[in-house]
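Asks:
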Amino acid sequence: MARFSMPSRAEMAAPFQSGETFKDWIKAPEAPEGQTRIGDSRWSNKDLEPTPPEQRTWTWYNLPLYWFSNMFGTTGWNVASSLVAVGLTWQQAFISCILGALISAFIVTGMARPGVMYHLGYPVLARSVMGMYGSYFFVFIRAIVCIIWYGIQTYYGANLLSVCFRCVFGSSWHNFANALPEGADVTSKQLLAFFIVWLVEFPFTWVHPTHIHYIFTIKGFIMPFACFGLFGWCMANGAGISNMDAASAAGAAVAERTPLGWAVMSGVNVIMGSLSPMLVNQPDLARYCRHPRDAGWLQGACVFFAKVLVFFLGLASTTSLQGKWGEAYWNLWDLLDAILDHYWTPAARAGVFFVSFSFIFSMFATNFGANSIPFGADMTGLFPKYLTIRRGQIICAILGIVVLPWKLIANASAFLSFLGSYNIFMAPLCAIIIFDYIVARKGNVHVPSLYKGSKEGLYWFKSGINWVGVCAWIGGTALGLPGLVGQYQPQSVGQVAKNMYMMGWVLTFSTSAIIYVGLIQVFKVKVFPAGCEDAPMEFEWLAKEGRDGFFEGEREGEIYAPASLQGEEVQASEKAQKMDA
1 MARFSMPSRA EMAAPFQSGE TFKDWIKAPE APEGQTRIGD SRWSNKDLEP TPPEQRTWTW
61 YNLPLYWFSN MFGTTGWNVA SSLVAVGLTW QQAFISCILG ALISAFIVTG MARPGVMYHL
121 GYPVLARSVM GMYGSYFFVF IRAIVCIIWY GIQTYYGANL LSVCFRCVFG SSWHNFANAL
181 PEGADVTSKQ LLAFFIVWLV EFPFTWVHPT HIHYIFTIKG FIMPFACFGL FGWCMANGAG
241 ISNMDAASAA GAAVAERTPL GWAVMSGVNV IMGSLSPMLV NQPDLARYCR HPRDAGWLQG
301 ACVFFAKVLV FFLGLASTTS LQGKWGEAYW NLWDLLDAIL DHYWTPAARA GVFFVSFSFI
361 FSMFATNFGA NSIPFGADMT GLFPKYLTIR RGQIICAILG IVVLPWKLIA NASAFLSFLG
421 SYNIFMAPLC AIIIFDYIVA RKGNVHVPSL YKGSKEGLYW FKSGINWVGV CAWIGGTALG
481 LPGLVGQYQP QSVGQVAKNM YMMGWVLTFS TSAIIYVGLI QVFKVKVFPA GCEDAPMEFE
541 WLAKEGRDGF FEGEREGEIY APASLQGEEV QASEKAQKMD A
């Protein structure tokens, strides 16, 4: 299991013994005397530097299981049900899923590549694309998304915990008195369950990413049983899979007014929206892989297969019960509550409890891998002198409370609007990162320059900002903004803007990619630092033959900040032996 420990009473009291001890405590851990680090505390700490070999604990099956388990989660199930609930036919929804999953499979692999080759996280890699200062804005954008999703996932868990409590306590919990007004969009029992779930998951923010992969392995084995079990029950007790056409009758009316192409593109946009945060997060997880193949095509295949499979299970289950009970339950907890309403038996209560508990566990794993770890990485990038990944994870958990997630997903339409809204910000970013790495730099990233915040630095560009990347991002994002406004104020924009928004992810990604590739033909990218311009322009030359992003003579002595394992610093001599092995 993951190795972590809560601080002891003495450790918690130590920082407050004096002003000096407190100042030392709030600073991020420094490298011990006798070791050198890349850059100063303004640009680096131990969590920002390349992952040392002894911390590369993720192997060939960890990332595939991460994606496989994430697809078998509440968001994957809810997306299918939501598309049916708002009027898409099952055929339109399913085609959307296949296309969205296929695109995601390629993006996942592309986003992971620089992370696994140079063992760097997103906040540091963003410097090579957007500049030393320009990267701050794009790190901040992702951090905001992580906070919002952390709160939403916790709210998912709260609703599922409420179902578990109903299975155990029956009517006493189901009829729990509500003291909140209707406009709050949350009940007293939901709010109580929210804080219970939050308190349970909070201690896990002390787990370092090098050890968190165990939870994805466990989740990868548990969730298929829960999903297939629920699917089987819905097929046996509902109208069956043959009802998928009948249950989409409402969607047929919508289809008459919405051409097939636009309906499918709208669905693709929603599918990509459910995956966008995790796509950008790829370098933060791939950096802990041992070999490049550990973040290769297998994880992309798992994304496609698992996404389509879970989408079908959720779609078929929803339409089966819709055919029998006359209502499409767009979220999982309402579906499970409806089962208890119709089948209040010991067997049904036990089955619903197991499914709910499994999805709660799934939520924990998703929150760690997709939200708290990336947010922690972002905080180290923004405030490297004071914050580490662990400290950032704690901050994410605290801020996740204040976003009022129940307001964002009050109904199916609000849920889908939320999923699609930040596509226009994240898709252009993915495009620029991938095409900068593959086309502009041919896979060559000079690691020392990522920590050099001066005019002589390779990634300083113009005043610390790569205006080519910024312009490409603005160009892609601008196309989706009018449609985003139309999602919340439909009368304020025309149909053209709404159609462009339906294409949100594909349109903004493609536009930014084209703009960026076009601009770098005019404004040539400098790939290697001064004095090394004659290096071979081969694909990933700097990552091969043990270079790891360094030229010969650039890493004299120990380059990595110390790895912290169970609270003990690894000595330089031990690390050198491991690196030589």
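Residues in the sequence shown are numbered from 1 upward in steps of one, following the UniProt record's numbering.
Backbone N, C-alpha and C fix where the C-beta goes; we use that ideal spot for every residue, glycine too.
A quick note: this is a predicted structure, and the numbers were derived from the prediction, not measured.
1) Could you give the first and the last residue of the continuous alpha helix (DSSP H) run that contains V108?
2) Inspect the beta-carbon positions of K455 and V527 and report whether they are closer than 8 Å.
3) Could you tell me which residues DSSP puts in a beta bridge with C234?
4) Quick one: what does DSSP say K46 is sitting in, helix, strand or coil?
5) Less than 8 Å separating the beta-carbons of T154 and V207?
6) Between E554 and P448, is the Cβ-Cβ spacing less than 8 Å?
7) Quick one: what's got a C-beta closer than 8 Å to residue 664's C-beta in the same chain, skipping five residues either side?
8) Across which residues does DSSP place C289 in a beta bridge pair?
9) Whole angstroms are fine: how far does the CA of V468 sit from the CA of F523?
10) How close, in whole Å, do the beta carbons of F216 and N423 come, if the pair is a contact with beta carbons under 8 Å?
11) Check each candidate in M537, I38, W173 and F539 and name the one with the smallest Cα separation from D337.
12) By how many angstroms is the C-alpha of I398 removed from the C-alpha of Y150?
13) Is DSSP giving K385 helix, strand or coil here?
14) Can you give me the Cβ contacts of M503 inside the same chain, cut-off strictly under 6 Å, excluding the 5 residues immediately before and after it?
15) Which runs of the alpha helix (DSSP H) spanning at least 4 residues fall entirely within the region 122–193, listed in chain order?
16) Reducing DSSP to helix, strand and coil, say where Q398 ends up.
17) Using DSSP bridges, identify the partner residues of K462.
18) Quick one: is S162 buried, meaning 16 or more other Cβ sit within 10 Å of its Cβ, or exposed?
19) With DSSP run on the structure shown, which of helix, strand or coil describes K324?
20) Looking only at its own chain, which residues have a Cβ that is under 6 Å from the Cβ of W505, when we skip the five neighbours before and after it?
21) What is the residue span of the alpha helix (DSSP H) that F551 lies within?
22) Indicate the three-state DSSP secondary structure (helix, strand or coil) for R391 in the structure shown.
23) Using only alpha-carbon positions, find the residue among F94, F461 and C234 that is nearest to W325.
24) Run the CB neighbour count on A543, radius 10 Å, all protein chains shown included, and call it buried at 16 or more, exposed below.
25) Using CA atoms only, rank isn't needed, just tell me which of V470, L484, E54 and G400 is closest to I144.
26) When the Cα atoms are used, what is the spatial distance from V124 to Y437?
27) Select from I38, T59 and W60 the residue whose C-alpha is nearest the C-alpha of P50.
28) Can you tell me where the alpha helix (DSSP H) holding N281 begins and where it ends?
29) Determine the burial state of M537: buried for a count of at least 16 other Cβ atoms within 10 Å of its Cβ, exposed for fewer.
30) Short of 7 Å in beta carbon distance, which residues of its chain neighbour G475, apart from the five on each side in sequence? Order them along the chain.
31) V79 and S274 look like a contact to me (Cβ under 8 Å); what is the Cβ gap, rounded to whole Å?
32) Going by Cα to Cα distance, which pick from P203, V496 and V470 is closest to I520?
33) By a C-beta neighbour count over all protein chains shown, 10 Å radius and 16 as the cutoff for buried, is A177 buried or exposed?
34) Spatial neighbours of A431 within its chain, please: CB distance less than 6 Å, with the 5 preceding and 5 following residues excluded, ordered by chain position.
35) How would you call F359, buried or exposed, if buried means at least 16 neighbouring beta carbons within 10 angstroms?
Replies: Based on what the coordinates show:
1) Working through the sequence shown from its first residue, we reach residue 108 at position 108. Here the alpha helix (DSSP H) through V108 covers W90 to Y118.
2) Locating residue 455 in the sequence shown gives position 455, counting from the first residue. Locating residue 527 in the sequence shown gives position 527, counting from the first residue. No, Cβ-Cβ distance for K455 and V527 is not below 8 Å.
3) Translated into the one-based positions of the sequence shown, residue 234 becomes position 234. C234 pairs with nothing; no bridge assigned.
4) As a first step, residue 46 must be located in the sequence shown, where it is residue number 46. Residue state, collapsed to three classes: coil.
5) Along the sequence shown, read from residue 1 onward, the residue named residue 154 stands at position 154. Along the sequence shown, read from residue 1 onward, the residue named residue 207 stands at position 207. Taking 8 Å as the Cβ cut-off, T154 and V207 do not qualify as a contacting pair.
6) Along the sequence shown, one-based indexing puts residue 554 at 554. Along the sequence shown, one-based indexing puts residue 448 at 448. Result yes, Cβ atoms of E554 and P448 sit closer than 8 Å.
7) Outside the shown range of the chain, which is 1 to 581, sits residue 664, and nothing can be said about it.
8) Position 289 of the sequence shown holds residue 289. Beta-bridge pairing links C289 to W58.
9) Residue 523 sits at position 523 when you count from the first residue of the sequence shown. Residue 468 sits at position 468 when you count from the first residue of the sequence shown. Looking at the two C-alpha atoms, the distance is approximately 8 Å.
10) In the sequence shown, counting from the first residue as 1, residue 216 sits at position 216. In the sequence shown, counting from the first residue as 1, residue 423 sits at position 423. Actually they are not in contact, since the Cβ atoms of F216 and N423 sit about 25 Å apart, beyond 8 Å.
11) Translated into the one-based positions of the sequence shown, residue 337 becomes position 337. Considering only alpha carbons, the answer is W173.
12) As a first step, residue 150 must be located in the sequence shown, where it is residue number 150. As a first step, residue 398 must be located in the sequence shown, where it is residue number 398. The straight-line gap from Cα to Cα measures roughly 10 Å.
13) Taking the first residue of the sequence shown as position 1, residue 385 is located at position 385. Residue state, collapsed to three classes: coil.
14) For this step, residue 503 is matched to residue 503 along the sequence shown. Taken in chain order, the residues that qualify are M265.
15) 122–130, 134–169 and 171–174
16) Taking the sequence shown and counting its residues from 1, one reaches residue 398 at position 398. It should be pointed out that residue 398 corresponds to Ile in this sequence rather than to Gln. Helix, per DSSP.
17) Within the sequence shown, numbered from 1, the residue matching residue 462 stands at position 462. Paired residues: I465.
18) Taking the sequence shown and counting its residues from 1, the one referred to as residue 162 is at position 162. Buried, because 16 or more other Cβ atoms sit within 10 Å of the Cβ of S162.
19) Here residue 324 is taken as the residue at index 324 of the sequence shown, counted from 1. The answer is helix: DSSP assigns K324 an H, G or I state.
20) Stepping through the sequence shown from its first residue, residue 505 is reached at position 505. N269, M272, N423 and A427.
21) Numbered from its first residue, the sequence shown carries residue 551 at position 551. Per DSSP, F551 belongs to no alpha helix (DSSP H) and is neither H nor E.
22) Your numbering for residue 391 matches position 391 in the sequence shown. Residue state, collapsed to three classes: helix.
23) By one-based count along the sequence shown, residue 325 stands at place 325. Per the Cα distances, C234.
24) For this step, residue 543 is matched to residue 543 along the sequence shown. The residue is buried, with at least 16 neighbouring Cβ atoms inside 10 Å.
25) Within the sequence shown, residue 144 is the residue found at index 144, counting from 1. Among V470, L484, E54 and G400, the Cα nearest to that of I144 is on G400.
26) Numbered from its first residue, the sequence shown carries residue 124 at position 124. Numbered from its first residue, the sequence shown carries residue 437 at position 437. Cα to Cα, the separation comes out at about 13 Å.
27) What you label residue 50 is simply residue 50 of the sequence shown in a count that begins at 1. Closest option to P50, Cα to Cα, is I38.
28) Translated into positions along the sequence shown, residue 281 becomes position 281. Per DSSP, N281 belongs to no alpha helix (DSSP H) and is neither H nor E.
29) Within the sequence shown, residue 537 is the residue found at index 537, counting from 1. With fewer than 16 Cβ atoms within 10 Å of its Cβ, M537 is classed as exposed.
30) In the sequence shown, residue 475 corresponds to position 475, counting from 1. Excluding sequence neighbours, G475 sits near T511, S512 and I515.
31) What you label residue 79 is simply residue 79 of the sequence shown in a count that begins at 1. What you label residue 274 is simply residue 274 of the sequence shown in a count that begins at 1. V79 to S274, Cβ: 5 Å. Contact.
32) Counting from one through the sequence shown, the residue named residue 520 turns up at place 520. The residue with the shortest Cα to Cα distance from I520 is V470.
33) Against the sequence shown, residue 177 aligns to sequence position 177. Its Cβ having fewer than 16 others within 10 Å, A177 is exposed.
34) Sequence index remark: in the sequence shown, residue 431 carries index 431 (1-based). Cβ neighbours of A431 beyond the five flanking positions: F509, S512 and A513.
35) Translated into positions along the sequence shown, residue 359 becomes position 359. Result: buried.
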